[in-house]
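Participant: Sequence order for the protein chains is V, L, S and Z.
End of the first sequence sits at 419 in our numbering; the numbers just go up one at a time, nothing left out.
End of the second sequence sits at 419 in our numbering; the numbers just go up one at a time, nothing left out.
End of the third sequence sits at 419 in our numbering; the numbers just go up one at a time, nothing left out.
End of the fourth sequence sits at 419 in our numbering; the numbers just go up one at a time, nothing left out.
Note that beta-carbon positions come from the ideal geometry of N, C-alpha and C, so glycine has one too.
4 protein chains.
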Amino acid sequence: MSSTFGHTFRIHTFGESHGGGVGVVIDGCPPRIPVSLPQIQHELDRRRPGQSEIVTPRKEADTAELLSGIQDGLTLGCPIAILVRNTDQRPGAYDEMAVKYRPSHADYTYDAKYGIRSASGGGRASARETIGRVAAAAVARQVLDTLHPGIQVLAWVKSIQDLNATVDPETIDAQTIESNIVRTGDPAMVETMIERIKAIRSDGNSVGGVIECVIRNCPPGLGEPIFDKLEADLAKAMLSLPATKGFEIGSGFSGTLLTGREHNDPFRMVAGQVRTTRNHSGGVQGGISNGESIIFRVAFKPTATIMSNQETVTSAGENTELQGRGRHDACVLPRAVPIVEAMATLVLTDHLLRQKAIR
Amino acid sequence: MSSTFGHTFRIHTFGESHGGGVGVVIDGCPPRIPVSLPQIQHELDRRRPGQSEIVTPRKEADTAELLSGIQDGLTLGCPIAILVRNTDQRPGAYDEMAVKYRPSHADYTYDAKYGIRSASGGGRASARETIGRVAAAAVARQVLDTLHPGIQVLAWVKSIQDLNATVDPETIDAQTIESNIVRTGDPAMVETMIERIKAIRSDGNSVGGVIECVIRNCPPGLGEPIFDKLEADLAKAMLSLPATKGFEIGSGFSGTLLTGREHNDPFRMVAGQVRTTRNHSGGVQGGISNGESIIFRVAFKPTATIMSNQETVTSAGENTELQGRGRHDACVLPRAVPIVEAMATLVLTDHLLRQKAIR
Amino acid sequence: MSSTFGHTFRIHTFGESHGGGVGVVIDGCPPRIPVSLPQIQHELDRRRPGQSEIVTPRKEADTAELLSGIQDGLTLGCPIAILVRNTDQRPGAYDEMAVKYRPSHADYTYDAKYGIRSASGGGRASARETIGRVAAAAVARQVLDTLHPGIQVLAWVKSIQDLNATVDPETIDAQTIESNIVRTGDPAMVETMIERIKAIRSDGNSVGGVIECVIRNCPPGLGEPIFDKLEADLAKAMLSLPATKGFEIGSGFSGTLLTGREHNDPFRMVAGQVRTTRNHSGGVQGGISNGESIIFRVAFKPTATIMSNQETVTSAGENTELQGRGRHDACVLPRAVPIVEAMATLVLTDHLLRQKAIR
Amino acid sequence: MSSTFGHTFRIHTFGESHGGGVGVVIDGCPPRIPVSLPQIQHELDRRRPGQSEIVTPRKEADTAELLSGIQDGLTLGCPIAILVRNTDQRPGAYDEMAVKYRPSHADYTYDAKYGIRSASGGGRASARETIGRVAAAAVARQVLDTLHPGIQVLAWVKSIQDLNATVDPETIDAQTIESNIVRTGDPAMVETMIERIKAIRSDGNSVGGVIECVIRNCPPGLGEPIFDKLEADLAKAMLSLPATKGFEIGSGFSGTLLTGREHNDPFRMVAGQVRTTRNHSGGVQGGISNGESIIFRVAFKPTATIMSNQETVTSAGENTELQGRGRHDACVLPRAVPIVEAMATLVLTDHLLRQKAIR
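1. Locate the alpha helix (DSSP H) running through VAL194(Z), then write down its first and last residues.
2. By the DSSP assignment, the beta strand (DSSP E) with THR304(S) in it spans what residues?
3. List the whole-angstrom C-beta distance separating ARG335(S) from GLU352(S), where the pair is believed to meet the contact cut-off of C-beta under 8 Å.
4. So the beta strand (DSSP E) GLN99(L) belongs to, where does it begin and stop?
5. Using the beta-carbon of each residue, which ones in chain S are nearer than 8 Å to GLY137(L)?
6. Can LYS305(L) and ILE286(V) be called in contact, C-beta distance under 7 Å?
7. Can you pull the chain V neighbours of GLU156(S), defined as C-beta to C-beta under 9 Å?
8. Ignoring anything shorter than 3 residues, give me the beta strand (DSSP E) runs that lie fully in the segment 255-325 of chain S, in order along the chain.
9. For chain L, check one thing: does any of its Cβ atoms lie closer than 7 Å to the Cβ of ASP87(V)?
10. For ASP207(L), tell me which candidate among ASP228(L), GLY268(L), PRO91(L), GLU113(L) has the shortest Cα-Cα distance.
11. Under a Cβ-count criterion, where at least 16 other Cβ atoms within 10 Å of its own Cβ denotes burial, should GLY332(Z) be classed as buried or exposed?
12. Quick check for students: name the residue ranges of the alpha helix (DSSP H) that lie wholly in the segment 212-258 of chain S, counting only runs of 4 or more.
13. Compile a chain-ordered list of the residues in the segment 201-215 of chain L whose CB is closer than 8 Å to at least one CB of chain Z.
14. To the nearest angstrom, how far is it from the Cα of GLU272(V) to the Cα of PRO163(V)?
15. Report yes or no: do three or more beta-carbon pairs, one from the segment 167-175 of chain S and one from the segment 339-350 of chain Z, lie closer than 8 Å?
16. Examine chain Z for any beta-carbon lying closer than 7 Å to the beta-carbon of PRO247(V), and answer yes or no.
17. Under DSSP, the beta strand (DSSP E) around VAL407(V) begins and ends at which residues?
18. Please classify MET367(L): does DSSP put it in a helix, a strand, or coil?
19. From which residue to which residue does the alpha helix (DSSP H) around ALA141(S) run?
20. Okay, do the segment 189-201 of chain Z and the segment 101-109 of chain Z touch, 3+ Cβ pairs below 8 Å being the bar?
21. Work out the CA separation of ARG385(Z) and GLY281(V) for me, nearest whole Å.
22. List the DSSP bridge partners of GLY81(Z).
23. Quick check on DSSP: helix, strand or coil for ASP122(S)?
24. Closest to GLY182(V) by C-alpha separation, out of THR409(V), PRO302(V), GLY343(V), THR405(V), would be which residue?
25. Between the Cα of GLY75(Z) and those of CYS391(Z), ILE418(Z), THR190(Z), ALA234(Z), spot the shortest distance and give me the residue it belongs to.
26. Since MET329(V) sits in a beta bridge, which residues does DSSP pair it with?
27. Considering only the beta carbon of each residue, do VAL84(S) and ALA215(S) sit closer than 7 Å?
28. Work out the CA separation of ALA187(L) and GLY315(Z) for me, nearest whole Å.
29. Under 8 Å by Cβ, that's how I've got ALA390(Z) and THR363(Z) pegged, so tell me the actual separation to the nearest angstrom.
30. If you follow the beta strand (DSSP E) that GLU381(S) is part of, which residue opens it and which one closes it?
31. Does any residue of chain V bring its CB to less than 7 Å from the CB of PRO98(S)?
32. Is the segment 290-298 of chain L touching the segment 354-371 of chain L, taking contact as three or more C-beta pairs under 8 Å?
33. Alpha carbon to alpha carbon, what distance is there between PHE307(S) and ALA292(Z)?
34. By the 8 Å beta-carbon criterion, what residues does the segment 393-419 of chain Z contribute toward chain V?
35. Which residues in the same chain have their Cβ closer than 8 Å to the Cβ of GLY133(L), if we skip the five residues on either side of it in sequence?
36. Quick one: any contact between the segment 228-237 of chain S and the segment 256-266 of chain S, if contact means 3 or more CB pairs under 8 Å?
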């Protein structure tokens, strides 16, 4: 179990879906950064269940408590511990799971790895674990704002199944994204996407999609060759999120269809700055930011929890069938948008501090 | 600069394309593992320039020297240092690069990050750096063979530009892949792909594509939630390779088009083992291997070095034009196949040792 | 701020003396280890203020709450988070400290490092931080008992100022140490030591001393050359404790008076085991345990908090005088005994798991 | 085997006493630091065997080769690899060692840990490993000089057995230390110490002693609470050196004899700076440098290699006797002086970069 992320700005998350609570300890945060509890809570509210009609109806207040590291609204340079209590405990609802492995969940693999497993719900594999990440990123966001104001991190739903949003990463704004419950950046697709999610949910089924994210005004020079390339750390950050199956940056997989002549990004001086006239690189070259917008996409599979009966096996090794029931997100993407932003923010903050150490 | 990869089986690479040499120090390798220098050399030969008519004609022998850590063919448990001397030094050929940033290379970003840059060639950003990774993976390969015999790691060229190979990850073998210089797993596509690469090279242009990789017979239980999930570490490993723009595992991006009912992998008991009847998960669930084949794909952009004149800027901040010349790979994929296998092997070995620590 | 200790069995502590609380997150703990909350509480009670007439009279219940990672008395392999609330908050008592640097405390250096400081008490530098270590070590203790039963870790007060206890590390037992409130291993010195502490306290002064620790039945082979030698990690562990000024193992500083002929530990076979007939090495050779008892000593300076007026400066840079007042430990050693054991236990557990990874 | 030291300025050493060579890879070194090979060689020459009549007569040139990371005398920000070839290989001289465990060496413990051992000489446990540390520290020295000029690191022989040097850490200079082959800081003791070493050597015996080290002009604020306290990292650094048995800082073990009233270091403003009027703290408070001189001492045991016959056992588990023969240092301290300085320099440089990351 490795619950630590980051090299210089490091976070350690903890907690299962049922038990005392979930949270995070942040270590390596610079001192004297203004951080308020409401800022943290604001980000938690963006990922909270029950926030709209298209997400899981579970009622989890997810109220953050600050245990250490911040005093009078300023970071002390000491570890910042944040705790969110678990409140909506219904272990009874999960009795069946204790013995039957839910398909495409982590039940079987946790048993295979540890020989023991949280008796109810997703345990440590629950998406509740991301609460710690989001809380930590709310702190990191303030580090960026203080040390290098102007960096923007924005994510949106790029596609739900085959429904694609048309979004310009250079101009999209937070207001447009947050103005709709599906958190897509394309107003024209909002209703269609919502209808799709509702229809799928009515059918007891689920859907996935793609989240796109842009980092604007990132200074050139962030990212550490060789292994901690900026895109490598972003890829790891995104693939560490539950339900993700893919990551691509800049031209990504479709860039493999171009020739080098089409794909290379020519340099030009613009207003005294080295700029590229295209951005197939996605803002990163040789693992280091080049000052252009960093653009990447993350694939989320359809939610594994569905309302159908499914073939599975018991932990005792017998074939059986799992009944479909319970509350779930038919589509996790609207709630995953702030989580993608959170992970990108953590990666950036870590690399900003790492760069400070050597320059 | 972070040139360390791995937590328990750790490698540290070093070296620029021009200078004394490139290499690796491996730390954390278990003792008493049989490793011979010819085994290491064999893998280096698979990634070497000049090995066939479709790769760069540069002549680099890439001869490995073992400096420490192995005695009489057995690892000592001490750091294993391997050095490959640089021999083909032609700094004169790179004079222009010293002042003009090559588009979509790392010249500008290294300058932005460090304020200094190796005067010739790619310096540290050169693909020569991967020599250290391949040498280390040849050692790791023996660790796997010794501690958990039977694990297979095979990669092949899945596509060159729009040319797609049809390959069954469950049955493809090394002989098929190595029998053709393009290292695709589909004999029917060999000639077409070779022709495409030759045509593109004749035009002074370049192409990219997708490499697919399978890990067969991986024991269930490898991978460390939360952040060091197996797919997260694989994604980082692959995105740390030069020229990569994307990673997907299992159903990947196309899996976002399915519904949960179609995507979930039902469990069934087969010969006393917990197995899945589909493998959209790509062998990993909740960040932990489930015993099925681990299947992933990596997108490589077209080589940035092309023979055309390109718009660029000088390090002094003036617009200019870069002349196309020099030797290059019109398509890096054939040589990248052993490197993808190497990185996958390193990730697996590290996680195997990490699992040993707790079970 | 680096609040992480350990490589494979890792702990992250958090919390200031005043604020929500202090605690620890343990990562890398093997699964299925039996751990009960009372076991953890028992160790916390041994370090608690107010436990006897010779320690600080502050009343801190230090009640541990288990937030995650343990279910039905067994570890899950997930991070174990333990929280101890701060209860005895009297910030008013510390007003003077906010502006005057207490001599030989960390007030000035925290300001120098962070440019900000917890407004009251020791903040993060408070010995309350060690609560997290002791709680984590109570878990580690169970890991040792499960994976390698029989390892004993015992510490005792070896000296208070010039008062020296005579203790045989090979035979001393926990009962003897715990039977007296000064926690010395020499019954003949108990009263003298208690009288010294009381006398010093009556005078508003303080004393230090030396704690000795033995690890018995440690298997040979623990410790990682080169930098993570067992004695190096023990030294770091002990010097990371507040008020420590020195560490020595085996013959230590007095061993420098011997010649090699006197100092070398001859090997002999005893009952089929490789043993040494002396133990000047202190159970460690070349950084690796040799199966003999590991014996080391830790120097604790006199408590910095005294009841006298002292010359000091303000945070504004003016000479001033600090009034002596408040509650304090005239001698920290009795309460430091379980903390020394805790750090030794953490080092051992980490190295046991590291050894498991490679053998 | 953990051959990595440092968090931000990280070094990885490699190599056995017999084999291709020993060396180091430095990662995290800031770019554009002037470093010349002669500077590195100069420090290696200070630790080299055969440099004077009181050290081992082995002839090892220890010539450093720079493999990567420095170009035209400036660091590139890339890993700096330095290799020193092994030349004086006389494996025949060590045949007996292959089967008989040398008392108080690491022969037995390496076998116990790894189940295999370098067939000749000390292998990885040889003091030759410190070559990599000294080379790395020569680079680190330049980092300090560039980023924070004026920091001085000076070590000297404080005692040989019972012979004590009188040295004022505030005024001692390098010239005084280097002017005598025993590297003591007290001219009055030079001849006596040399005579003692020669007499002991004539007798085939060996002696140890204490090395003292001062770091002057260290800026306040270095050191990372909680676990990476400056003194904790120094203690670990020193105890990671071969033959060390103890570490103390400031008042050390003798400080335990004082009361708090005597021990506390009062603060006074001096020339606008916060200073202490005593320095029992040894320049560190709460794990952070306070701007005063950092003073510590390291105990070195008598060299384990002696010319007497000794009782020991074979690797097959039989009692036997080891013949005394070979070349050795009767006293390692003169050659250990530059190594102690090296480790202190590495610790400082790492903490300077870590502090840069957050301030």
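Facilitator: Taking the coordinates as given:
1. Counting along the chain, the alpha helix (DSSP H) containing VAL194(Z) begins and ends at 190-207.
2. Counted as a single uninterrupted DSSP element, the beta strand (DSSP E) harbouring THR304(S) occupies residues 304-309.
3. 7 Å
4. Where GLN99(L) is concerned, there is no enclosing beta strand (DSSP E), although the alpha helix (DSSP H) it sits in stretches over 97-107.
5. ILE418
6. No Cβ-Cβ contact shorter than 7 Å links LYS305(L) with ILE286(V).
7. By Cβ distance, chain V contributes nothing, its closest Cβ being about 18 Å from GLU156(S), past 9 Å.
8. Segments of the beta strand (DSSP E) lying fully in the segment 255-325 of chain S: 269-276, 304-309.
9. no
10. Asp is not the amino acid found at residue 207(L); the sequence shown has Leu there. LEU207(L) has its Cα closest to that of PRO91(L), out of ASP228(L), GLY268(L), PRO91(L), GLU113(L).
11. exposed
12. 234-238
13. Against chain Z - using a Cβ distance shorter than 8 Å - the segment 201-215 of chain L contributes no residues.
14. 27 Å
15. With the cut-off at 8 Å, the segment 167-175 of chain S and the segment 339-350 of chain Z touch.
16. False, the Cβ-Cβ gap to chain Z never drops below 7 Å.
17. In this chain, VAL407(V) is not harboured by any beta strand (DSSP E); it is covered by the alpha helix (DSSP H) spanning 393-418.
18. coil
19. Careful: ALA141(S) lies outside any alpha helix (DSSP H), inside the beta strand (DSSP E) at 140-145.
20. yes
21. 57 Å
22. ARG145(Z)
23. coil
24. PRO302(V)
25. THR190(Z)
26. VAL334(V)
27. With contacts defined as CB atoms closer than 7 Å, VAL84(S) and ALA215(S) fail to qualify as a contacting pair.
28. 57 Å
29. 6 Å
30. Looking at the DSSP string, the run of the beta strand (DSSP E) that includes GLU381(S) is 379-382.
31. no
32. Contact holds: three or more Cβ-Cβ distances are below 8 Å.
33. 10 Å
34. LEU413, ARG414, LYS416, ALA417, ILE418, ARG419
35. PRO94, VAL95, SER96
36. no
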